[in-house]
Amino acid sequence: MSHLEQAEQSPDTERMFDADTKAMGYLPNYTRLFAHSPAVYLAWQQLNGAVKAEMELRRYELATLAAARALRSSYCGLAHGKVLRDKFFDASTVAALASDHGSTGLSAQEVAVVNFAGKVAADANSVVEADIAGLRSHGLDDTEIFRVILAVGARCFFSTVLSAAGAEPDPQYNDSLDVDLRQALSFGG
17 MSHLEQAEQS PDTERMFDAD TKAMGYLPNY TRLFAHSPAV YLAWQQLNGA
67 VKAEMELRRY ELATLAAARA LRSSYCGLAH GKVLRDKFFD ASTVAALASD
117 HGSTGLSAQE VAVVNFAGKV AADANSVVEA DIAGLRSHGL DDTEIFRVIL
167 AVGARCFFST VLSAAGAEPD PQYNDSLDVD LRQALSFGG
């Protein structure tokens, strides 16, 4: 599951395990990992839920996939690529999004968001006023831009924790995604 040993069970971890098993239909490896700190997991869920609730789901998922790609997070790439496939695109389009999003038929605004999200995840200090102006020129207001930044920042936290701890993607992705899409969304970490 990860480089870390399984956390000791407690009433808090049992609640986490039950809730995530009910929501997902199985117990994700990341839930087992966060059993080392149930309070942080709860805070993460609240933060990510608040960020996600303030964005269109498609934009959130595109920004999240761009961040996962920049962070080389296979776990997050598989998870969010699956959402994009299930809700917005066919498998071949999602596979293309994972490598060359500019050729996938996204709107100019969506391409700008994906480019920006990848830049924020790869090197937030490299973002300059011109990057923000570029998003404004594609119709995003400052609140929408800030929400993209929040989505990427939240993904950076989660992906970094999973990658550093060696959390393996859930084996359920082997059944729910075809081999070509799994390979496209497996970014190396």
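If you count by this note's numbering, then the sequence shown holds residues 17 to 205, one letter each, in order.
Where is the CB? At the ideal position from N, CA and C, for every residue including glycine.
Compute the Euclidean distance between the alpha carbons of residue i and residue j, then round it to the nearest angstrom.
| i | j | result |
| --- | --- | --- |
| ASP28 | LEU197 | 35 Å |
| ALA149 | VAL130 | 15 Å |
| MET40 | PHE33 | 10 Å |
| MET71 | ALA79 | 10 Å |
| ALA128 | GLY65 | 24 Å |
| LYS103 | ALA83 | 19 Å |
| ASP147 | GLN25 | 46 Å |
| SER108 | SER18 | 30 Å |
| GLU160 | GLY182 | 33 Å |
| ALA55 | GLY155 | 38 Å |
| TYR57 | ALA180 | 16 Å |
| LEU100 | LEU151 | 22 Å |
| GLU184 | SER89 | 10 Å |
| SER192 | ARG85 | 20 Å |
| VAL195 | TYR189 | 10 Å |
| VAL144 | ARG48 | 38 Å |
| GLY204 | TYR91 | 9 Å |
| VAL215 | SER53 | Residue 215 cannot be examined here, being either before or after the span of the chain that is shown, 17 to 205. |
Consult DSSP for residue i and reduce its assignment to one of helix, strand or coil.
| i | result |
| --- | --- |
| ASP147 | helix |
| THR120 | coil |
| LEU166 | helix |
| ASP157 | coil |
| ALA23 | coil |
| GLY182 | coil |
| LEU193 | coil |
| GLY204 | coil |
| SER115 | coil |
| SER175 | helix |
| SER142 | helix |
Where does residue i land, buried or exposed, given buried means 16+ other C-beta within 10 angstroms?
| i | result |
| --- | --- |
| PHE105 | buried |
| THR37 | exposed |
| ASN45 | buried |
| ASP186 | buried |
| GLU77 | buried |
| TYR42 | exposed |
For the ligand ADP, I want to know if residue i counts as a neighbour, meaning its beta carbon is within less than 8 Å of at least one of the ligand's heavy atoms.
| i | result |
| --- | --- |
| ASN190 | As far as ligands go, the structure on display features none, and thus does not contain the ligand ADP. |
Please tell me whether residue i has its Cβ less than 9 Å away from any Cβ of chain C.
| i | result |
| --- | --- |
| GLY41 | Looking at the structure shown, chain C is missing, and only one protein chain is on hand. |
Counting pairs of Cβ atoms below 8 Å between the segment 123 to 139 and the segment 93 to 104, do you hit three or more? Too few Cβ pairs lie closer than 8 Å, so no.
Does the segment 188 to 204 come within contact of the segment 107 to 125, defined as at least 3 CB pairs closer than 8 Å? Enough Cβ pairs lie closer than 8 Å, so yes.
Inspect the CB distances between the segment 118 to 125 and the segment 173 to 188 and report whether three or more fall short of 8 Å. Touching, no, given that fewer than three Cβ pairs across the two stretches are closer than 8 Å.
I'd like the ranges of any alpha helix (DSSP H) spanning at least 4 consecutive residues and lying wholly in the segment 33 to 112. At a cut-off of 4 residues, the continuous stretches assigned as alpha helix (DSSP H) that sit fully inside the segment 33 to 112 are 45 to 50, 54 to 69, 73 to 87, 90 to 103.
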